[in-house]
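One structure is given below, encoded as structure tokens.
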């Protein structure tokens, strides 16, 4: 990653490691998330992306290393305190507060800085419209479709007026048209000044949304850079598609190129 | 301050009493460990077992220990039917429903017993009721020594059943991994009912071993339920060895608590241990980390 | 013993049926009275027939129903033109709030009087509730002295409270001890933890030293106590001359059994309001454990033919003749007597009649009935002793059926 | 707001009960039903809205009851002050139990069992320490006057319990319409998701258990003043804990009117079974238990759930008709 | 062997499978591919009776099996080795394997156990150990071994390579190939495209609850659609 100036760094992760039992889930990971941008974290299943999110947002305590947010050391701080400072995460498996309406679900987020119930509900409504849930405000959140749940997850986070949102696979499980609908929503959030770090599987989204990406495999950072470059990295291709795939693709390309030549 | 001459027999007696508690707790830990049910009807079902033993003795002259051949299988059938017919159907996937339904069962069973048997205290008089065994200068009542051995044997049999039979393995498998169990073709409803039946059969064993040194009334179960829960928690839910050890510990704690704090206040020791274990080691002394 | 048990339920139903038949007979058998059509007197019976103390509650109910059947069969309340007594039954489930609620309901349903109790806690609630409508309320069993010390004008008790009993117990123990040459110098009290045991134990602890008997230890135990070995071990180590239990039947059974198993040797076991040592059930089931145990408790006058007939009648109905049965029986009799004298069911008048009661209770080992603040001052317990499987009255002398055996031969 | 209006309507109607119902027995039945609804609503705050199942609400109830009784009998403190003190002492006990259990993250059946144990510990203590009268219990002297919080008429007691119940129901309405309530329910439904949104589960649960304890304690104060006698089994016995949880579970947990529905249903069944077959010992309770089992089998989400289901069915029928 | 026709299913009100059709013939390995959340696991759950089908038909060995209980499906020889392994962590390795023959293959249990131990020597070494203490790869072997104990007529392997190191992934695929050598048909549900394709005869690629591509792997492998679809570049 091109060295961003210190003052532009919103979140800094330095040498963070974590193991569960014998399994090393994160190995000495360092990264700096710049302010005002959309960046992403990719990697195959089981690479340790969600674990890293949990380490950053206080759900797990790192064995080693340091996490700082706006220059403040937040390592080991409770999730709610980190949320209060403006960093909010979402969950890969969306678990709405079942039995409560969409509006009520989002209001929980809105209450982070708003005491009044009415104001929070109003804010929830506003946010819901923004993410495209305006027509389902009174629906039981448990009855939402996968796509609806993802939007709800985004809305809940957004309602907290965050400075940084960590989205964990908000696009997974959506069909292409749904993805096409959600992408502008995420952009709009960024345009309002919220910094975004995505965990994503859907490469298309990563490529069209993020300016910088980190690739995690087996708990280690194996590559980083602009997404278009990163997907060409043999290490990344192998991590995703299995050993030998990079070679085969290169061969394909060569034969294709040869045919054209 | 009590001297050694009283502490030794007191501890020995606490161990025999604790074994009786463990017998009641064995069934509970099986049910709790596998079905994750807080079985409020446990005490009422113990009472059913005790009445069965009592009537076999008073009507047919069957010795309570001979009843071991009759009462536990009958209790097993009762437990199986209850789980299959009522408890399993009532849960609808919600714990509070199980709580309500077992509470309802205990109310029904207890008051049926009250209606049918009336509320007299009944006890059996056997030739060995007053026999004692002398160990280390302590007189231990023979029925309680037998119960102690019975608790050990029952725990051992349960352990064998659980580790050496397909049913036992299926029960243990189901306790931790429901989806995996379904995928190897374990009939979940059947095995749940088998577990509940086994747990209630344990109560049948407890009833046979308990009655010679105790009595039965429609409310008799109440005195054992809370203590059985304590033992289950202390030993680790689902652990037979834990239940056995937990029972013995509670028996001794009760005995020593009674000696040092007085019989009434001494009961507090049991609950303090209970709270401390729950707060600091909720998996129990012998339980595994979750 | 097992025979009566097996048929207990059946006999009880028979009994209820015959009771009902008796009421029917009473009406059809006296056409003259039927013509006069005296309104039946409604008497509410509130007892804990379910829950933890169901046994005692049921015994109370049976005793009261027997009394009603007897009174009706004998022509009802004559001063009311032979009015029959009609029982209203309710179950307090062992809970004061349900007892009180039943009082309210019964009063509204036209109850002229209430006989209620067994548990002191329930008696406190029911008498207080009945007081609001000034409904005559007789406590059949309920030993707390607080019941009659609250200044309630409608509340009466014809049996002794624990104050009287404890005093009596101590005085007689002293007499028994002195007669034997004062061998007993120390005592140990074992009592259950609720009101009756604790209250009794406190009084005993205060009074025994006045008689030169040192209380070496007081052990309070829970209900239920599942094992008495510990307590008995402590008794053994303290070696008291006298062991004084005050507890309920279940615990008494375990205690007595354990004392035998542990070979406790004492000069005497002298229970106070224990119930078990003067229980036919206990004596039958554990004749050896029961032998020579003394009890200071409610009892009937064994020399009274009336009392013996009632006992026989109750046993013929499959009942164990416990103190609950005859105390509840007496409570109903006392109410009927007050009605008879009042000549009206007017509550004020009946209360006055109860307060002025001089009912002849010679079937009990009582002095002349004299009500002071609702308590029959003539009431007293007696001492009984189990001798060769028979419950003998040993004190006071005028009622005694046998000589005291003290100290026990070991 | 519609809910608040309905609540107002129900309580306004309840207020006039003593004027309309002159039978003392019926007044008492309605009073005891409202009292059960109060106990249930107290439990509902923690159990229904907070998802923390307590089996030991007697710990709070008994503390409230004993506080008012002991202050009066031992120290001569006026029971109106005792009313406040009883509530506060119950809050203190709740805070202690909450702190010990929530700090260590106890949930589910572990939490249930630990609360049960705390209530037992208090029962044994009350049985032992002298100032509660130990096993003899504590009798509040009869002295009927409003200044003494003792009333001659059922109606006055009725309005006392009405007022406390109203406060409890308003509190629960507020929970449904406040930030605290939103957070409480969020923690109940998904603790991790709530934390991610900045909710501190420990703080939220502490507030819930303290509020819950407050109303249980006030119910205890009422009991003491109404029946004037307490012993450890009455105050701290499991019967109170069981009634506290039975009422809202039967009626519908986590709903404003669930405890009221539950109290009406349970008391209705209990009264009816006692009236029908009260003479046979135990049989009325057999019926009661059977109805409880049948309810779980056929109305697993409580009466409120049943009502909702039926009305949903009716609505859908209406819409299909349209 | 297995024919699925126009299968629809989902969770609650949410439809996940929107009309899936696929088939497996005797003796072949068929790969079912697709990225996270496209509905692959939902298919295997419906096949093994864990989840009800909303509509459509499933025929196994010619008989309809949709709506049967999991144990009835096991009885018929369709064995599902689930994603996430779902082994019994509190039971010893040997016990896990023995339970594999709970309903099927009991008479030959000892022989089959020996065979599984031969295929997975690591399981023999650890046979007394609690399954929960095994490493991820060993747990996966155990899950497959447990499935083999039921003498399957068709084996569904759901994400067997997930969470394994590259070396282990290779080993796993080699093993799967070996299992198939004796003629056992396998439905391999995977995200690992290349290696799955290498051992499978045919493949179905899912996207968003539907089959997007299908055909012999040799053809699919060079289909440019594949990479796009798989990496989410579509």
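Residue numbers (our numbering), protein chains in the order written: chain A, 29 to 289; chain B, 7 to 296; chain C, 4 to 413; chain D, 12 to 333; chain E, 17 to 250.
Note that CB positions come from ideal geometry on N, CA and C, so glycine has one too.
Just so we're clear, the structure is a prediction, and the values are computed from it rather than from any experiment.
{"Asked": "Can you give me the Cβ contacts of residue 13 of chain B inside the same chain, cut-off strictly under 6 Å, excluding the 5 residues immediately before and after it?", "Found": "none"}
{"Asked": "Alpha carbon to alpha carbon, what distance is there between residue 284 of chain B and residue 117 of chain D?", "Found": "8 Å"}
{"Asked": "Taking C-beta pairs closer than 9 Å, name the residues in chain D that residue 44 of chain B reaches, listed in chain order.", "Found": "66, 120, 123, 124"}
{"Asked": "Give every residue of the same chain whose Cβ lies closer than 7 Å to the Cβ of residue 149 of chain A, excluding the five residues on either side of it in the sequence, and list them in chain order.", "Found": "131, 135"}
{"Asked": "Taking only beta-carbon atoms, is residue 266 of chain B less than 9 Å away from chain D?", "Found": "no"}
{"Asked": "Note down the Cα distance separating residue 132 of chain E from residue 121 of chain D, rounded to an integer number of angstroms.", "Found": "41 Å"}
{"Asked": "The alpha helix (DSSP H) with residue 102 of chain E in it runs from where to where?", "Found": "Looking at the DSSP string, residue 102 of chain E is not in any alpha helix (DSSP H), and its letter there is neither H nor E."}
{"Asked": "Taking beta-carbon pairs under 7 Å, can you tell me which members of the segment 102-125 of chain C lie near chain D?", "Found": "103, 104, 107, 108, 111, 124"}
{"Asked": "Restricting to Cα atoms, I'd like to know which of E:199, E:116, E:32, E:26 is closest to residue 157 of chain E.", "Found": "E:116"}
{"Asked": "Got a sec: is the Cβ-Cβ distance from residue 245 of chain D to anything in chain C below 9 Å?", "Found": "yes"}
{"Asked": "Within its chain, find whatever has a CB closer than 7 Å to the CB of residue 403 of chain C; leave out the 5 residues flanking it on each side and keep chain order.", "Found": "396, 397"}
{"Asked": "Counting only the same chain and skipping the five closest in sequence on each side, list residues whose C-beta sits under 6 Å from that of residue 27 of chain E.", "Found": "none"}
{"Asked": "State the start and end residues of the unbroken alpha helix (DSSP H) segment that holds residue 38 of chain D.", "Found": "35-55"}
{"Asked": "Are any of the Cβ atoms in chain E nearer than 9 Å to that of residue 190 of chain B?", "Found": "yes"}
{"Asked": "Note down the Cα distance separating residue 275 of chain C from residue 179 of chain C, rounded to an integer number of angstroms.", "Found": "15 Å"}
{"Asked": "Assign residue 407 of chain C to buried or exposed, taking buried as 16 or more other Cβ atoms, counted over all protein chains shown, within 10 Å of its Cβ.", "Found": "buried"}
{"Asked": "Is residue 236 of chain A helix, strand or coil when you go by DSSP?", "Found": "helix"}
{"Asked": "Since residue 105 of chain C is in the alpha helix (DSSP H), which residue starts that stretch and which ends it?", "Found": "99-111"}
{"Asked": "Return yes when the Cβ of residue 93 of chain D is within less than 9 Å of the Cβ of residue 80 of chain D, no when it is not.", "Found": "yes"}
{"Asked": "If contact is defined by three or more beta carbon pairs under 8 Å, each pair taking one atom from either stretch, is the segment 45-63 of chain D in contact with the segment 255-266 of chain D?", "Found": "yes"}
{"Asked": "Against residue 110 of chain B, what residues of chain D qualify as contacts under a CB-to-CB distance less than 9 Å, listed in chain order?", "Found": "299, 300, 301, 302, 303, 304, 305, 306, 307"}
{"Asked": "So which residues of chain C does residue 120 of chain B contact, with C-beta pairs closer than 7 Å?", "Found": "53, 57"}
{"Asked": "Can you pull the chain A neighbours of residue 207 of chain E, defined as C-beta to C-beta under 8 Å?", "Found": "72, 73"}
{"Asked": "Counting only beta-carbon atoms, is residue 119 of chain A nearer than 9 Å to chain E?", "Found": "no"}
{"Asked": "When Cβ atoms are compared, which residues of the segment 169-190 of chain A fall closer than 7 Å to chain D?", "Found": "184, 188"}
{"Asked": "Does the beta carbon of residue 187 of chain B sit closer than 9 Å to a beta carbon anywhere in chain E?", "Found": "yes"}
{"Asked": "Assuming contact is defined by CB atoms lying nearer than 9 Å, are residue 192 of chain E and residue 204 of chain E in contact in what I supplied?", "Found": "yes"}
{"Asked": "Is residue 93 of chain A helix, strand or coil by DSSP?", "Found": "strand"}
{"Asked": "Can you tell me which of the three DSSP states residue 212 of chain E falls into?", "Found": "helix"}
{"Asked": "Taking only three categories from DSSP, how would you classify residue 161 of chain D?", "Found": "strand"}
{"Asked": "CB-CB under 7 Å to residue 224 of chain B, same chain, minus the five flanking residues each way: which ones, in chain order?", "Found": "53, 116, 119, 120, 123, 125"}
{"Asked": "Within 10 Å of its beta-carbon, does residue 298 of chain C have 16 or more other beta-carbons around it, so buried, or fewer, so exposed?", "Found": "buried"}
{"Asked": "For residue 275 of chain D and residue 102 of chain E, what's the separation of their Cα atoms in angstroms?", "Found": "46 Å"}
{"Asked": "Specify whether the segment 241-252 of chain A and the segment 60-76 of chain A touch according to this definition: at least 3 beta carbon pairs, one from each stretch, less than 8 Å apart.", "Found": "yes"}
{"Asked": "Quick one: any contact between the segment 21-41 of chain B and the segment 229-249 of chain B, if contact means 3 or more CB pairs under 8 Å?", "Found": "yes"}
{"Asked": "Which term fits residue 266 of chain C, buried or exposed, when burial requires 16 or more other beta carbons within 10 angstroms of its beta carbon?", "Found": "exposed"}
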